[in-house]
Every structure is written in structure tokens, then in C-alpha cells.
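Asks: Got a structure here, written out as C-alpha cells. Questions coming.
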Amino acid sequence: MAPVATSTTTLTESESATATAPAKLKLNVPTAQSPEWLQQLRTQGFAVVPGVIPARGPRQDFGLGFDRNDPSTRTKDKIHFFYKGGLSNAYGIAHEQFMWDIKQEPAVVDKFEQIWDTKELIVSFDGANISIPLPDRKPDDDVFKAWAHVDQSPLVTGLYCVQGIVNLAPNGPEDGGLMLLKGSMELYAELFAAFEDRKPERGWNTRDRHDHTDEQIQWLVDRGCTWEKICAEPGDLLLWDSRVVHYGATPKSTNDRLAVYCCYKPARFLTPEVEARRTEAWEKKLNSTHDPISFMKLPRKVPETHHTYKESCERALQEPVLTARGRQLVGLDKY
Numbered sequence: 001m002a003p004v005a006t007s008t009t010t011l012t013e014s015e016s017a018t019a020t021a022p023a024k025l026k027l028n029v030p031t032a033q034s035p036e037w038l039q040q041l042r043t044q045g046f047a048v049v050p051g052v053i054p055a056r057g058p059r060q061d062f063g064l065g066f067d068r069n070d071p072s073t074r075t076k077d078k079i080h081f082f083y084k085g086g087l088s089n090a091y092g093i094a095h096e097q098f099m100w101d102i103k104q105e106p107a108v109v110d111k112f113e114q115i116w117d118t119k120e121l122i123v124s125f126d127g128a129n130i131s132i133p134l135p136d137r138k139p140d141d142d143v144f145k146a147w148a149h150v151d152q153s154p155l156v157t158g159l160y161c162v163q164g165i166v167n168l169a170p171n172g173p174e175d176g177g178l179m180l181l182k183g184s185m186e187l188y189a190e191l192f193a194a195f196e197d198r199k200p201e202r203g204w205n206t207r208d209r210h211d212h213t214d215e216q217i218q219w220l221v222d223r224g225c226t227w228e229k230i231c232a233e234p235g236d237l238l239l240w241d242s243r244v245v246h247y248g249a250t251p252k253s254t255n256d257r258l259a260v261y262c263c264y265k266p267a268r269f270l271t272p273e274v275e276a277r278r279t280e281a282w283e284k285k286l287n288s289t290h291d292p293i294s295f296m297k298l299p300r301k302v303p304e305t306h307h308t309y310k311e312s313c314e315r316a317l318q319e320p321v322l323t324a325r326g327r328q329l330v331g332l333d334k335y
């Protein structure tokens with residue numbers, strides 16, 4: 001089973017930046033002594049780093065009467081608002097203490113230090129994935145369909161971002177989790193060149209997003225790309241190049257999915273304009289999309305039709321406790 005959302009509202013932004021390729025952004029070159037995951041990330045575009053943080057039992061508590069151990073509470077009126085695939089970006093969830101405990105965790109940050117070969121990083125304000133299987137799901141609901149996409153503009157064909165997920169609940173073959181189209185990274189530029197005559201009327205998206213059509217996915221499959229469900233344990237870190245086509249699969253089992261999105265980039269790409277937008281997002285405790293540089297700020301409020309709309313309007317701003325390193329990752333203190 002998979003979670004049921006009470007709305008299929010598309011992610012909207014209050015302000016966004018146009019995607020541009022960061023100058024001289026490159027992955028750390030692995031050596032024979034480099035960990036296997038770093039080598040795999042470079043060659044295949046994705047990797048799983050096991051046991052980065054201690055396993056933590058998922059504790060979903062929305063203040064709405066949901067009890068993960070009581071099946072009778074698995075109803076739509078007792079859970080939060082989310083988008084496709086359990087994507088949870090409202091209420092300012094990015095600034096909950098448990099989110100910052102993970103994002104400023106040294107063992108997590110260390111992996112991105114190795115990726116970019118620098119300790120001077122900034123982190124995204126993106127959210128979580130909370131997929132709660134409900135017995136009254138409707139299989140034809142749009143939120144359960146595969147939504148193959150990349151979080152990168154088709155106009156930016158080189159290395160742009162490495163995305164991350166800290167997994168907090170078991171992800172077996174039938175559970176919710178990350179679906180990747182293996183081989184799609186290598187064909188990224190070729191795909192959009194092949195479909196140049198069929199691009200949208202307004203041209204390719206300039207922001208960090210492209211939703212693939214069935215025809216585009218078939219084009220990739222015809223050239224050897226295959227879907228792979230990433231299985232992982234609590235505490236594992238999932239990494240992938242933003243050029244890899246992916247989506248968040250909803251559970252076929254009755255197991256919940258809980259994961260934290262985290263993305264870091266070198267702080268040297270900060271500009272005064274980006275710093276100002278990040279400061280505003282921090283002060284207003286807004287969520288962002290994945291990329292820490294060219295991100296979209298997302299509203300705290302949920303759609304008016306959702307039963308938590310009033311709560312989302314009245315909810316106080318969270319003020320998480322940051323470590324010294326956490327303050328640098330936010331951009332509050334300089335390196």
C-alpha cells in the first residue's frame with residue numbers, strides 16, 4: 001500500500017533562481033584508496049553509504065491523533081499534507097530539530113566533504129519524505145504514479161549537484177524508497193538533444209527541474225537504461241548525481257517510509273544575492289528545493305482544502321539549536 005494525499009497540488013515557489021552551471025564544479029577524483037562508494041558515485045552516478053548515522057526508529061507524530069502502532073489511526077485526517085511520493089515540504093519541516101541534528105551530523109557532512117574535496121560547505125533547507133500507507137488508498141490517484149524527473153535544468157548538461165537522502169526506516173524491495181534509472185546520467189545531454197524539436201513551446205525549463213515524458217523514458221530504456229529500486233537500512237546515506245532520472249516510489253507494503261533530504265555544495269559558489277535569499281529563508285523558516293545555491297523557497301502553508309491549513313498558518317517558527325559547524329552550513333557564520 002502507499003500513502004494517500006488529500007491534494008495533488010504541484011510544488012510552487014515563492015521565489016526562484018534560474019539554473020546556471022557553477023564554474024569549475026567537479027567531483028573529487030577517487031584514488032585506489034578512496035572508498036568504494038565515492039568511486040561508484042563518479043562512475044555510475046549513485047551510491048549507498050551504509051551506516052553513516054546510528055539507526056533511529058521512525059517517530060511520526062503529527063499532533064493529529066496518528067499512532068503508527070494503531071492501524072485504526074491510519075486515516076487521511078490524522079496525517080500531514082504531502083506531495084507526490086510522500087514528499088513533505090510544508091510547515092517549515094526543514095527546520096525541525098531532528099532535521100538539523102541530521103544535517104549537521106559530522107558523519108553526514110564528511111561524505112560531502114569527500115565528494116567536493118572541501119570542508120567549506122553550505123546545506124539545503126529541503127525537507128523529508130514521510131510515506132504512511134493507508135488502507136483507503138486509490139490506486140488511480142495521481143500521487144501514486146511514477147513521476148520520473150531530474151532536479152536539474154535540461155539547459156545545464158554538466159555536473160550540477162549531488163543529492164542525498166539519509167534513510168531512517170528500512171527500505172526493502174516492496175517498501176517506499178528511491179527509484180533510479182541506471183545509465184540515464186550518461187545520456188543526459190544526448191536525450192535533450194534528441195528531443196530538441198519536441199521541447200515545450202516556451203523552451204526547456206531554466207530552473208532545476210524536468211519531468212520526463214513517457215516517450216523520453218522509453219528512449220532511455222531503448223538505449224539500455226534500467227530502473228532500480230534502491231534498498232537501504234536505517235542510517236544509510238543515499239547519493240546520486242542530479243542527472244540521474246529518479247522518483248520517490250510509494251510503498252507497496254504496509255511499512256512506513258521516513259527519510260531526510262540533504263544536499264551540500266561548496267560555499268565558494270555563494271553570491272550576495274544567494275546569501276540574501278538564504279538568509280530570508282532561514283529567518284522565515286522556509287523550506288527550499290534540493291540545491292543550496294539555485295533553490296526555490298517553498299511556502300509554509302498547505303492548500304486551503306487540507307485539514308491542517310489553519311495549523312500551517314498559525315504554526316510558530318521553529319528555532320533549532322545549531323552547532324558551530326551547523327551555523328556555517330546555514331551561512332550564519334563565515335568559514
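Those letters in the sequence shown? Residues 1 to 335, per full-length UniProt numbering, in order.
Note that the Cβ used here is the ideal one computed from N, Cα and C, for glycine as well.
Remember, predicted model here, so these are calculated numbers, not experimental data.
Taking the Cβ atom as the reference point for each residue, do Ala249 and Phe125 lie within a distance shorter than 8 Å?
Replies: For the purposes of this step, residue 249 is taken as the residue at position 249 of the sequence shown. For the purposes of this step, residue 125 is taken as the residue at position 125 of the sequence shown. No.
Asks: Tell me which residues share the same chain as Trp219 and place their Cβ nearer than 7 Å to its Cβ, disregarding the 5 neighbours each side in the sequence.
Replies: Numbered from its first residue, the sequence shown carries residue 219 at position 219. Only Leu191 and Ala194 meet the Cβ criterion.
Asks: Can you round the beta-carbon distance between Asn129 and Ala259 to whole angstroms, since I take them to be within the 8 Å contact cut?
Replies: Mapped onto the sequence shown, residue 129 falls at position 129. Mapped onto the sequence shown, residue 259 falls at position 259. Between Ala259 and Asn129 the Cβ distance is about 4 Å, and since that is below 8 Å, they are a contact.
Asks: How far does the alpha helix (DSSP H) with Ile122 in it reach, from first residue to last?
Replies: Along the sequence shown, read from residue 1 onward, the residue named residue 122 stands at position 122. Here Ile122 belongs to no alpha helix (DSSP H); instead the beta strand (DSSP E) covers Leu121 to Val123.
Asks: Taking the alpha carbon of Leu87 as the reference point, which residue from Lys310, Ala267, Val330 and Tyr247 has its own alpha carbon closest?
Replies: Translated into positions along the sequence shown, residue 87 becomes position 87. Of Lys310, Ala267, Val330 and Tyr247, the residue nearest in Cα terms is Tyr247.
Asks: Decide yes or no for the touch test of the segment 201-215 against the segment 162-180: beta carbon pairs closer than 8 Å, at least 3 of them.
Replies: Touching, no.
Asks: Establish whether the CB of Ile53 and some CB of chain C are separated by less than 8 Å.
Replies: No chain C is part of this structure, which consists of one protein chain only.
Asks: So the alpha helix (DSSP H) Lys265 belongs to, where does it begin and stop?
Replies: Counted from its first residue, the sequence shown places residue 265 at position 265. No alpha helix (DSSP H) holds Lys265; the beta strand (DSSP E) holding it covers Tyr264 to Pro266.
Asks: Between which residues of its own chain and Gly326 is the CB-CB distance below 7 Å, once the five residues before and five after are set aside?
Replies: Here residue 326 refers to the residue found at position 326 when the sequence shown is read from its first residue. Result list for Gly326: Trp100 and Gln104, in chain order.
Asks: With DSSP collapsed to three states, give me the class of Ala232.
Replies: Along the sequence shown, one-based indexing puts residue 232 at 232. Of the three classes helix, strand and coil, the one that applies to Ala232 here is strand, per DSSP.
Asks: Please say whether Thr73 and Gly65 have beta carbons closer to each other than 8 Å?
Replies: If you number the sequence shown from 1, residue 65 lands on position 65. If you number the sequence shown from 1, residue 73 lands on position 73. Cβ atoms of Gly65 and Thr73: closer than 8 Å.
Asks: Going by DSSP, what residue range makes up the beta strand (DSSP E) through Lys182?
Replies: Translated into the one-based positions of the sequence shown, residue 182 becomes position 182. Looking at the DSSP string, the run of the beta strand (DSSP E) that includes Lys182 is Gly177 to Lys182.
Asks: Note down the Cα distance separating Arg223 from Gly183, rounded to an integer number of angstroms.
Replies: As a first step, residue 223 must be located in the sequence shown, where it is residue number 223. As a first step, residue 183 must be located in the sequence shown, where it is residue number 183. C-alpha separation (whole angstroms): 9 Å.
Asks: Please check the pair His210 and His290, which I expect to be a contact at CB under 8 Å, by giving their CB distance rounded to whole angstroms.
Replies: Counted from its first residue, the sequence shown places residue 210 at position 210. Counted from its first residue, the sequence shown places residue 290 at position 290. 13 Å between Cβ atoms; not a contact.
Asks: Do you know offhand how far residue 408's Cα is from Arg257's?
Replies: Nothing can be reported for residue 408, as the shown portion of the chain is limited to 1 through 335.
Asks: Rounded to the nearest angstrom, how far is the Cβ of Val52 from that of Leu237, given a contact under 8 Å?
Replies: Within the sequence shown, numbered from 1, the residue matching residue 52 stands at position 52. Within the sequence shown, numbered from 1, the residue matching residue 237 stands at position 237. Confirmed, Cβ separation roughly 4 Å.
Asks: Would you be able to state if there are at least three C-beta pairs under 8 Å between the segment 77-84 and the segment 268-276?
Replies: In short, these stretches do not touch, since the Cβ pair count stays below three.
Asks: Mind checking who Ile130 pairs with in its DSSP beta bridge?
Replies: The sequence position of residue 130 within the sequence shown is 130, counting from 1. Its beta-bridge partners are Leu258.
Asks: Using DSSP with H/G/I as helix, E/B as strand and the rest coil, what is Ala90?
Replies: Indexing the sequence shown from 1 puts residue 90 at position 90. Coil.
Asks: If distances are taken between C-alpha atoms only, which option among Ala47, Lys78, Tyr309 and Gln163 comes closest to Val123?
Replies: By 1-based counting over the sequence shown, the position of residue 123 is 123. Looking at the Cα atoms, Gln163 is the closest of the given residues.
Asks: Since Pro234 and Pro170 are thought to touch, with beta carbons under 8 Å apart, how far apart are those beta carbons, to the nearest angstrom?
Replies: Here residue 234 is taken as the residue at index 234 of the sequence shown, counted from 1. Here residue 170 is taken as the residue at index 170 of the sequence shown, counted from 1. That belief holds up - the Cβ atoms of Pro234 and Pro170 are roughly 6 Å apart, short of 8 Å.
Asks: Going by DSSP, what residue range makes up the beta strand (DSSP E) through Leu237?
Replies: Locating residue 237 in the sequence shown gives position 237, counting from the first residue. Leu237 -> beta strand (DSSP E) spans Leu237 to Asp241.
Asks: For Ala267, which residues from the same chain have a beta carbon less than 7 Å from its beta carbon, with the 5 sequence-adjacent residues on both sides left out?
Replies: On the sequence shown, position 267 is the one that residue 267 refers to. So the qualifying residues of the chain are Glu120, Leu121, Ile122 and Tyr335.
Asks: Between Asn255 and Asp175, is the Cβ-Cβ spacing less than 8 Å?
Replies: To locate residue 255, count along the sequence shown from 1; it is residue 255. To locate residue 175, count along the sequence shown from 1; it is residue 175. Yes, the pair counts as a contact, with Cβ atoms nearer than the cut-off.
Asks: Taking Ile165 as part of the beta strand (DSSP E), name the residues at either end of that continuous run.
Replies: To locate residue 165, count along the sequence shown from 1; it is residue 165. Looking at the DSSP string, the run of the beta strand (DSSP E) that includes Ile165 is Val162 to Asn167.
Asks: Less than 8 Å between the CB atoms is what I'm expecting for Leu239 and Leu41, so what's the real figure, rounded?
Replies: The sequence position of residue 239 within the sequence shown is 239, counting from 1. The sequence position of residue 41 within the sequence shown is 41, counting from 1. Their Cβ separation, rounded to whole angstroms, is 6 Å, which keeps Leu239 and Leu41 in contact under 8 Å.
Asks: Leaving aside the five residues before and after Phe112 along the sequence, list all residues of the same chain whose C-beta is less than 7 Å from its C-beta, in chain order.
Replies: Against the sequence shown, residue 112 aligns to sequence position 112. Counting only Cβ-Cβ distances below 7 Å, and skipping sequence neighbours, we find Leu121 and Tyr264.
Asks: For a test of the three-state rule: what should DSSP assign to Ala194, helix, strand or coil?
Replies: Within the sequence shown, numbered from 1, the residue matching residue 194 stands at position 194. Helix, per DSSP.
Asks: Apply the 10 Å Cβ neighbour rule to Ala32 and answer buried if 16 or more other Cβ atoms are within range, or exposed otherwise.
Replies: Here residue 32 refers to the residue found at position 32 when the sequence shown is read from its first residue. By the 10 Å Cβ count, Ala32 comes out exposed.
Asks: Alpha carbon to alpha carbon, how far is Thr323 from Arg202?
Replies: As a first step, residue 323 is located in the sequence shown; it is residue number 323 there, counting from the start. As a first step, residue 202 is located in the sequence shown; it is residue number 202 there, counting from the start. C-alpha separation (whole angstroms): 45 Å.
Asks: Just mark Asp151 as buried or exposed, buried being the case when its beta carbon has 16 or more other beta carbons within 10 Å.
Replies: Numbered from its first residue, the sequence shown carries residue 151 at position 151. Asp151 should be labelled buried.
Asks: State the Cα-Cα distance for the pair Thr9 and Ser34, rounded to the nearest angstrom.
Replies: Walking along the sequence shown from the start, residue 9 turns up at place 9. Walking along the sequence shown from the start, residue 34 turns up at place 34. Here Thr9 scores only 31 on pLDDT, less than 50, and its place in the model is too uncertain to base an answer on.
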